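Engineer: I am attaching a structure below and will ask some questions about it afterwards.
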Amino acid sequence: MLGLSGLEVTIALVAVVAGACLQGSLGFGLGLLAAPVLVLIDTRLVPGPLLCMGLPLAVLVAWRERSSLDFGGIRWAVVGRVPGTVLGSIAVVVLAERWIAALFAGSVLTAVALSVFGLSVEPTRRNLLGAGLVSGMMGTATSVGGPPIALVYQRNPGPVLRSSMAAFMLFGAGFSLFMLVVVGAFDATDLGLAGLLVPGVLGGFVLSRWTNRVLDTGYTRPAVLTFAAASALSILVRQVL
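See the structure below:
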């Protein structure tokens, strides 16, 4: 199956289900939770295929929470995403695999640290532009573009966070994929790998209907932060060894 064993596909699907479920409940998390596992299985799964898998998930979440979408605010994040995506796509071509892995690990650890220390900013035009820029770079180069925007919206109600994040992810993932195609970093093989794992995305979205209330109470956040940090550290150790 596109160079992956049955066991590898199974593990990848479990990671995608977990990440999609988290994103369906908090508005982000597919890349943060699934990418560390996918990178360890096969580096081809990140960033292109994972970005591609994020498109149907963003559509589903945005539609479910459409009544709470902060369109007026999220459009500024979209404006910032454009130049950030360009910079991220250049990094994919220019940097060696070890540097991409280091960039991914660093971005995840930074997001975890910011969350742990309780950084809180309001969704103003300037903050959303800056968050969109950083998100574009992170999302295109590492598939983890959600944390910057989520930090800006962290004090908003769950439906506002989820719907606004989904709308941003829909544009961001689509534009990132376009740039990867332009620079020759996404092809038919990547599309096939994404299609292989799409059932995990759909399964995670369905599960998120029941996990929304649990995750909103804060029980999952410490576990997610711990898992993300541990996965990022494991990737760094792998590159060093």
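Numbering follows this note's numbering, with no gaps: position 200 of the sequence shown is 333.
Positions of the beta carbon are idealized from the N, C-alpha and C atoms, including for glycine.
No experiment lies behind these values; they were computed from the predicted model shown.
So, helix, strand or coil for Ser138, using DSSP?
Structural biologist: The answer is coil: DSSP assigns Ser138 none of H, G, I, E or B.
Engineer: Would you check if the distance between the CB atom of Leu313 and the CB atom of Gly181 is smaller than 8 Å?
Structural biologist: It is a contact, given that the beta carbons lie within the stated cut-off.
Engineer: Tell me the DSSP secondary structure of Phe250 in three-state form.
Structural biologist: In the structure shown, Phe250 sits in coil (DSSP, three-state: anything other than H, G, I, E or B).
Engineer: Rounded to the nearest angstrom, how far is the Cβ of Val211 from that of Phe301, given a contact under 8 Å?
Structural biologist: Correct: roughly 6 Å between the Cβ atoms.
Engineer: For Leu375, is the classification buried or exposed, using 16 other Cβ atoms within 10 angstroms of its Cβ as the cut-off for buried?
Structural biologist: Outside the modelled stretch of the chain, which goes from 134 to 374, sits residue 375, for which no answer is possible.
Engineer: Report back the beta-carbon spacing between Ala195 and Val170 to the nearest angstrom; my notes put them in contact at under 8 Å.
Structural biologist: With a Cβ gap of about 25 Å, Ala195 and Val170 do not count as contacting.
Engineer: Mind checking Trp232: buried by the 16 CB within 10 Å criterion, or exposed?
Structural biologist: Classification for Trp232: exposed.
Engineer: Rounding to the nearest angstrom, what Cα-Cα distance links Arg197 and Arg342 in this structure?
Structural biologist: Cα to Cα, Arg197 sits roughly 10 Å from Arg342.
Engineer: Does the distance from the C-beta atom of Ile282 to that of Met271 stay below 8 Å?
Structural biologist: No, these two residues do not count as a Cβ contact at 8 Å.
Engineer: Can you tell me whether DSSP reads Phe290 as helix, strand or coil?
Structural biologist: The sequence given here places Pro at residue 290; Phe does not occur at that position. Three-state result, Pro290: coil.
Engineer: Measure the alpha-carbon distance for Met186 versus Val334 and round it to whole angstroms.
Structural biologist: Whole-angstrom Cα-Cα distance: 7 Å.
Engineer: Looking at the unbroken alpha helix (DSSP H) that takes in Ala210, where does it start and where does it end?
Structural biologist: Here the alpha helix (DSSP H) through Ala210 covers 204–227.
Engineer: Three-state secondary structure (DSSP) at Gly181?
Structural biologist: Gly181: helix per DSSP, three-state reduction.
Engineer: I need the straight-line Cα distance from Ala321 to Leu178, nearest angstrom please.
Structural biologist: Approximately 13 Å, taken between the alpha carbons.
Engineer: Could you give the DSSP three-state label for Ala318: helix, strand or coil?
Structural biologist: If DSSP states are grouped into helix, strand and coil, Ala318 belongs with coil.
Engineer: Tell me where the alpha helix (DSSP H) around Pro256 begins and ends.
Structural biologist: Pro256 -> no alpha helix (DSSP H), and no H or E assigned at all.
Engineer: Assuming contact is defined by CB atoms lying nearer than 8 Å, are Pro280 and Ala244 in contact in what I supplied?
Structural biologist: Yes, the Cβ-Cβ distance between Pro280 and Ala244 is below 8 Å.
Engineer: Going by the beta-carbon positions, is the gap between Leu262 and Gly221 smaller than 8 Å?
Structural biologist: Result no, Cβ atoms of Leu262 and Gly221 do not sit closer than 8 Å.
Engineer: Could you spell out the range, first to last residue, of the alpha helix (DSSP H) harbouring Ala283?
Structural biologist: From DSSP, the alpha helix (DSSP H) with Ala283 extends over 279–285.
Engineer: Using a 10 Å radius around the Cβ and a threshold of 16 neighbouring Cβ atoms, would you call Phe319 buried or exposed?
Structural biologist: Result: buried.
Engineer: Out of curiosity, what's the CA-to-CA distance linking Gly162 and Gly152?
Structural biologist: In a straight line, the C-alpha of Gly162 is about 5 Å away from that of Gly152.
Engineer: Look up Thr350 in the DSSP assignment and say whether it is helix, strand or coil.
Structural biologist: Thr350: coil per DSSP, three-state reduction.
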